[in-house]
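Visitor: Mapping of the sequence shown onto the UniProt record's numbering: position 330 corresponds to residue 330, and the numbering continues sequentially without gaps. We put the beta carbon where it would ideally sit given N, CA and C, even for glycine.
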Amino acid sequence: MKLSEFWLREWVNPAISSEALSEQMTMAGLEIDDVKPVAGQFQGVLVGEIVECVQHPNADKLRLTMVNIGAEQLLNIVCGAPNCRQGLKVAVATIGAVLPDNFKIKATKLRGELSEGMLCSYSELAIANDHAGIIELPHDAPIGIDIRNYLQLDDHIFEVSLTPNRADCLSILGIARDIAAINNLALNTKKIEPVKGTDASVFPIRVEAPMACPRFLGRVIKGIDITASTPIWMKEKLRRGGIRAIDPVVDITNFVLLELGQPLHAYDLDRLNGAIIVRMAKQDETLVLLDDSEVTMKQDTLVIADEKGALGIAGIFGGKHSSVNQNTTNILLESAFFDPLTIAGRARNYGLHTEASHRFERGVDPQLQYKAMERATQLILEICGGDAGNIIDVSHQTSLPKGAKITLTRLKLDRLIGHSIPDINVTQILERLGCQVIGKQDSWQVVAPSWRFDMQIEEDLIEEVARVYGYNNIPNVPLRADLVMTPRCESVLPLKRVKTLLIDRGYNEAITYSFVDPKIQQLLHPDSDAMILPDPISTDMSAMRLSLLPGLLMTVIYNQNRQQNRIRLFETGLRFLPDPSAEHGIRQELMLAGVITGNRYEEHWLQEKRAVDFFDIKGDVEAILELTGKLDNIIYKAHSNPALHPGQSAGIYLNNNYIGYVGVIHPELENKLDLNGRTLVFELLWDTVAERVIPKANMISRFPANRRDIAVVVPEEVATADVLAECKKIGINHIVGINLFDVYCGKGVAEGYKSLAISLILQDTNRTLEEEEIAATVDKCVAALKRRFQASLRD
1 MKLSEFWLRE WVNPAISSEA LSEQMTMAGL EIDDVKPVAG QFQGVLVGEI
51 VECVQHPNAD KLRLTMVNIG AEQLLNIVCG APNCRQGLKV AVATIGAVLP
101 DNFKIKATKL RGELSEGMLC SYSELAIAND HAGIIELPHD APIGIDIRNY
151 LQLDDHIFEV SLTPNRADCL SILGIARDIA AINNLALNTK KIEPVKGTDA
201 SVFPIRVEAP MACPRFLGRV IKGIDITAST PIWMKEKLRR GGIRAIDPVV
251 DITNFVLLEL GQPLHAYDLD RLNGAIIVRM AKQDETLVLL DDSEVTMKQD
301 TLVIADEKGA LGIAGIFGGK HSSVNQNTTN ILLESAFFDP LTIAGRARNY
351 GLHTEASHRF ERGVDPQLQY KAMERATQLI LEICGGDAGN IIDVSHQTSL
401 PKGAKITLTR LKLDRLIGHS IPDINVTQIL ERLGCQVIGK QDSWQVVAPS
451 WRFDMQIEED LIEEVARVYG YNNIPNVPLR ADLVMTPRCE SVLPLKRVKT
501 LLIDRGYNEA ITYSFVDPKI QQLLHPDSDA MILPDPISTD MSAMRLSLLP
551 GLLMTVIYNQ NRQQNRIRLF ETGLRFLPDP SAEHGIRQEL MLAGVITGNR
601 YEEHWLQEKR AVDFFDIKGD VEAILELTGK LDNIIYKAHS NPALHPGQSA
651 GIYLNNNYIG YVGVIHPELE NKLDLNGRTL VFELLWDTVA ERVIPKANMI
701 SRFPANRRDI AVVVPEEVAT ADVLAECKKI GINHIVGINL FDVYCGKGVA
751 EGYKSLAISL ILQDTNRTLE EEEIAATVDK CVAALKRRFQ ASLRD
């Protein structure tokens, strides 16, 4: 929002500089993005009048003028502006004047004719980018006065960045209220007297949607002169507020908008058919807007209509048919309150954004409509003339919002601010903000003012008290806390430790949204239902994730599209599973997931390129599980997962309880997602992994270890993990290490079978094992494998 500093100071004028005022507003939450002078630096420019204007004898596009600046002699000035004419009041740069960019005015000859100055345009004085012609001043502009004083060009434009909750500050009045409260000054409120109706005309108004429009005021004004000129002071205030002057009626409604914050609208009375009707739009009802664009409306859109059809989108944009034009003499002026929820989002639905919609969707003071109507009526009668009727009021008081009633307690005030502000100061601050306050022992009963939609709870009042009291006035007190060494449970594996491990193994941590594309999620989890958000950020972020894979795989694709092919990512986060027995019907589980793709190692002249495979990511998973001390209790089993390759994936089980999976993304899914190359993933249920075995100290045997190798032939479907587990169980007293060092299928091994070469490390802590004992243990292992798996020793 842009505003004129001088205009603001008409309402409240603290005795501080522009810079200090800007800083004060920013510290109070009204952030000033920029402060700009309204004009460039210049001097020696006066108000003058063109007394004579004739054609230049030697140039078709130049004119010779005689200009009166209040001096003894008229000035001869050559001008090429198309709007140069006799009787016009203009801005005259006299000889010796210095214009922006240090441009000095000197007497000179143009095409043989003397020119003793220059008639200036807005752009030449760095006021605006208007190159169309010279400045046209009002006929009553005093000749000889400095143009800087006449147009108040020492003013500044403040660009204020307001948060959406501060709709009350979208006007000069709103910001002035805040500054007055901060500086403990009285507000110079403009006295607006009710305009007595001199015309008996009324116009029927019917509100069919009272919840959406609790108040609608109308007033007939007849006999206006639409050709009247908008006063220069009003044009300048509009320009400094970022609004272009159009015609006096529109300019006045825009002026009141900037001054008070109430959007108004004027209809050409003679173009209305029957009553004004405030209703919801009919499905696919069309309307041609003021900018000549046509919109097709939905039934959830509030419109202002007459008996023939829609006249405008309520609170957003007026229609072309009923708009004020050069032939208008009679108008119906509208001042209304629209429910913010009815307006919110509608402008965006139609690709629109207007000053009116910006205010209505955030909330306009429901007690402002009468004041704005009277102010606009006064200005219209002063500038355009005419006769005004009485205000037509269609209000539904029960539907109008009321100021929230809030209890503010001393205990919470002191706790949140960290400083005790005296009771009298708290009361005065709230009253200066427009609140009704009743002080009680250790609390205040507060009724928020009608214009503060953001005051709803106790914390809102605490924020206001701190803001107006001044954050700089709150002493800096170091935080005090008892330093207590919190016990760390040794049996719980810290998640940070696992993250450090993965980073050391070349992974990067990713953080993705919990909201995912339902189409992508359906590809990964076709048999699972997800929670769909009723009001998502976007359609591709409308489902709550069932796993971390959608976000990680989309991140891989994003990086591959930017020529990053060697990727290692991990993420920790919640997944959301529909569960009627859980709180709110959603079960949340913390997951740890990872994804790798590309080459196993960074490119190096001494290292052969090799793409990552199943055993690479399995090794990463086992490194994680090694930290739990339960790796020996982990087994991998075939596990159905539609997202993974059936022959290169496995479920991970701890003591026969499922804790996650690891594997290669299914080739069909790779194609559908447009993944570049083999992609491998893992995902673990963190809560099932986090509990770790507390390490125990064991005596290291000083006796020699013995290795024995066996090669057993088993059916192909037998899991290697089961074979190793059986050997360990049988030789629990003497076998201290088991390792699979070769798998063979081929000549010498029957079809449908495989040969497993296993090393057994045998050792005792108290003595050296005898050969007979070693052989007996190995024989027991072989016998057990024969019994359970129909294994046979390979020759």
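Just to confirm the assignment, what range does the alpha helix (DSSP H) spanning Met66 have?
Guide: Taking the first residue of the sequence shown as 1, we reach residue 66 at position 66. Met66 -> not in any alpha helix (DSSP H); beta strand (DSSP E) instead, spanning Arg63 to Asn68.
Visitor: Exposed or buried, Leu99, counting other C-beta atoms within 10 Å across all chains shown (16 or more means buried)?
Guide: Residue numbering aside, residue 99 sits at position 99 when the sequence shown is read from its first letter. Leu99 is buried by the Cβ-count criterion.
Visitor: State the DSSP-derived secondary structure class of Gln607, mapped to helix, strand or coil.
Guide: By one-based count along the sequence shown, residue 607 stands at place 607. Note: Gln607 maps to strand in three-state DSSP.
Visitor: Using three-state DSSP, classify Gly748 as helix, strand or coil.
Guide: Residue 748 sits at position 748 when you count from the first residue of the sequence shown. Correct three-state label for Gly748: coil.
Visitor: Does the Cβ-Cβ distance between Met541 and Phe576 come in under 7 Å?
Guide: To locate residue 541, count along the sequence shown from 1; it is residue 541. To locate residue 576, count along the sequence shown from 1; it is residue 576. No. Outside cutoff.
Visitor: If I follow the unbroken alpha helix (DSSP H) through Trp686, where does it start and stop?
Guide: Residue numbering aside, residue 686 sits at position 686 when the sequence shown is read from its first letter. Run containing Trp686: Trp686 to Val689, per the alpha helix (DSSP H) assignment.
Visitor: Give me whichever residues DSSP pairs with Met118 in a beta bridge.
Guide: As a first step, residue 118 must be located in the sequence shown, where it is residue number 118. In DSSP, Met118 forms a bridge with Ala93.
Visitor: Looking only at C-alpha atoms, which of Asn656, Leu627, Leu433 and Ile665 sits nearest to Val556?
Guide: Here residue 556 corresponds to residue number 556 of the sequence shown, with the count starting at 1. When each option's Cα is compared against that of Val556, the closest is Ile665.
Visitor: I'd like to know if the stretch 549-566 and the stretch 594-610 are in contact, where contact means that at least 3 CB-CB pairs between them fall below 8 Å.
Guide: Verdict: yes, contact present.
Visitor: Any idea if Ser547 is buried or exposed, counting beta-carbon neighbours within 10 angstroms, 16 or more meaning buried?
Guide: Position 547 of the sequence shown, counted from the start, is the residue given in the question as residue 547. That one is buried.
Visitor: Is DSSP giving Gly218 helix, strand or coil here?
Guide: Residue mapping note: residue 218 aligns to position 218 of the sequence shown, counting from 1. Three-state DSSP puts Gly218 in a strand.
Visitor: Classify Ala750 as buried or exposed, calling it buried when 16 or more other Cβ atoms lie within 10 Å of its own Cβ.
Guide: Taking the sequence shown and counting its residues from 1, one reaches residue 750 at position 750. The residue is exposed, with fewer than 16 neighbouring Cβ atoms inside 10 Å.
Visitor: Which one of Ala167, Asn183 and Gly48 has the shortest CA to CA distance from Pro138?
Guide: The residue given as residue 138 occupies position 138 in the sequence shown. Of the listed residues, the one whose Cα sits closest to Pro138 is Gly48.
Visitor: Who are the Cβ neighbours of Gly197 in its own chain at under 7 Å, not counting the five residues just before and after it?
Guide: The count along the sequence shown starts at 1 and reaches residue 197 at position 197. Closer than 7 Å at the Cβ level, and outside the excluded window around Gly197, lie Ala388, Gly389 and Asn390.
Visitor: Can you list the alpha helix (DSSP H) stretches of 4 or more residues lying completely in the stretch 523-607, in chain order?
Guide: Whole alpha helix (DSSP H) segments, 4+ residues: 549-560.
Visitor: Tell me which same chain residues have a C-beta within less than 8 Å of the C-beta of Glu464, skipping the five on either side of it?
Guide: Numbered from 1 along the sequence shown, position 464 holds the residue referred to as residue 464. Excluding sequence neighbours, Glu464 sits near Ile429, Leu430, Leu433 and Met455.
Visitor: Check whether the stretch 524-537 and the stretch 493-509 touch, using three or more Cβ-Cβ pairs below 8 Å as the test.
Guide: Short answer: they don't touch.
Visitor: List the whole-angstrom C-beta distance separating Ile331 from Ile175, where the pair is believed to meet the contact cut-off of C-beta under 8 Å.
Guide: Indexing the sequence shown from 1 puts residue 331 at position 331. Indexing the sequence shown from 1 puts residue 175 at position 175. Not really, about 30 Å apart at Cβ, beyond 8 Å.
Visitor: For Ala93 versus Met118, is the C-beta spacing smaller than 7 Å?
Guide: Within the sequence shown, numbered from 1, the residue matching residue 93 stands at position 93. Within the sequence shown, numbered from 1, the residue matching residue 118 stands at position 118. Going by C-beta atoms, Ala93 is nearer than 7 Å to Met118.
Visitor: Please check the pair Gln262 and Leu187, which I expect to be a contact at CB under 8 Å, by giving their CB distance rounded to whole angstroms.
Guide: Residue 262 sits at position 262 when you count from the first residue of the sequence shown. Residue 187 sits at position 187 when you count from the first residue of the sequence shown. With 8 Å as the limit, Gln262 and Leu187 do not qualify as a contact, their Cβ atoms being about 17 Å apart.
Visitor: Looking only at its chain, what residues have a beta carbon closer than 6 Å to the beta carbon of Asp268, apart from the 5 residues adjacent to it on each side?
Guide: Residue numbering aside, residue 268 sits at position 268 when the sequence shown is read from its first letter. Ser322, Val324 and Thr328.
Visitor: State yes or no: is the C-beta of Val38 within less than 7 Å of the C-beta of Leu185?
Guide: For the purposes of this step, residue 38 is identified with residue 38 of the sequence shown, where counting begins at 1. For the purposes of this step, residue 185 is identified with residue 185 of the sequence shown, where counting begins at 1. No, these two residues do not count as a Cβ contact at 7 Å.
Visitor: In whole angstroms, what separates the C-alpha of Ala582 from that of Glu589?
Guide: Here residue 582 refers to the residue found at position 582 when the sequence shown is read from its first residue. Here residue 589 refers to the residue found at position 589 when the sequence shown is read from its first residue. Distance between the alpha carbons of Ala582 and Glu589: 11 Å.
Visitor: Along the chain, where does the alpha helix (DSSP H) that runs through Ser18 open and close?
Guide: For the purposes of this step, residue 18 is taken as the residue at position 18 of the sequence shown. Unbroken alpha helix (DSSP H) run through Ser18: Ser18 to Met27.
Visitor: How would you write the range of the alpha helix (DSSP H) that residue 801 sits in, first residue to last?
Guide: A query on residue 801 cannot be resolved here, the shown segment of the chain reaching from 1 to 795 and no further.
Visitor: Indicate whether Leu347 and Ser357 have their beta-carbon atoms separated by less than 7 Å.
Guide: Against the sequence shown, residue 347 aligns to sequence position 347. Against the sequence shown, residue 357 aligns to sequence position 357. Checking the sequence shown, residue 347 turns out to be Ala, not Leu. Cβ atoms of Ala347 and Ser357: closer than 7 Å.
Visitor: Can we say the stretch 705-721 touches the stretch 755-770, given the rule of at least three CB pairs closer than 8 Å?
Guide: They touch, by the three-pair rule.
Visitor: Taking the runs of the beta strand (DSSP E) that are 3 residues or longer, which of them lie wholly in the stretch 298-386?
Guide: As far as the stretch 298-386 is concerned, its whole beta strand (DSSP E) runs of at least 3 residues are 302-305, 310-313 and 331-337.
Visitor: Along the beta strand (DSSP E) that carries Cys53, what are the first and last residues, could you check?
Guide: Start at 1 with the first residue of the sequence shown, and residue 53 comes out as number 53. Run containing Cys53: Gln43 to Gln55, per the beta strand (DSSP E) assignment.
Visitor: Is Leu341 buried or exposed, if buried means 16 or more other CB atoms sit within 10 Å of its CB?
Guide: Against the sequence shown, residue 341 aligns to sequence position 341. Exposed.
Visitor: First and last residue of the alpha helix (DSSP H) that includes Gly174?
Guide: Stepping through the sequence shown from its first residue, residue 174 is reached at position 174. Gly174 -> alpha helix (DSSP H) spans Ile172 to Asn183.
Visitor: When you compare each of Asn425, Ile243 and Val662 to Ile652 by their alpha carbons, which one comes out closest?
Guide: Position 652 of the sequence shown, counting from 1, holds the residue named residue 652. Closest by alpha carbon: Val662.
Visitor: Quick one: Cα of Ser395 to Cα of Asp339, how far?
Guide: The count along the sequence shown starts at 1 and reaches residue 395 at position 395. The count along the sequence shown starts at 1 and reaches residue 339 at position 339. Straight-line Cα distance between these residues: approximately 13 Å.
Visitor: From Gly573 to Ile659, what does the alpha carbon distance come to, in whole angstroms?
Guide: Your numbering for residue 573 matches position 573 in the sequence shown. Your numbering for residue 659 matches position 659 in the sequence shown. Going from the Cα of Gly573 to the Cα of Ile659 covers about 16 Å.
Visitor: In the DSSP assignment, find the unbroken alpha helix (DSSP H) run with Ile438 in it and report its ends.
Guide: Against the sequence shown, residue 438 aligns to sequence position 438. Element bounds for Ile438: not the alpha helix (DSSP H) but the beta strand (DSSP E), Gln436 to Lys440.
Visitor: My output table needs one value for Glu136: the three-state DSSP class, helix, strand or coil.
Guide: For the purposes of this step, residue 136 is identified with residue 136 of the sequence shown, where counting begins at 1. Coil.
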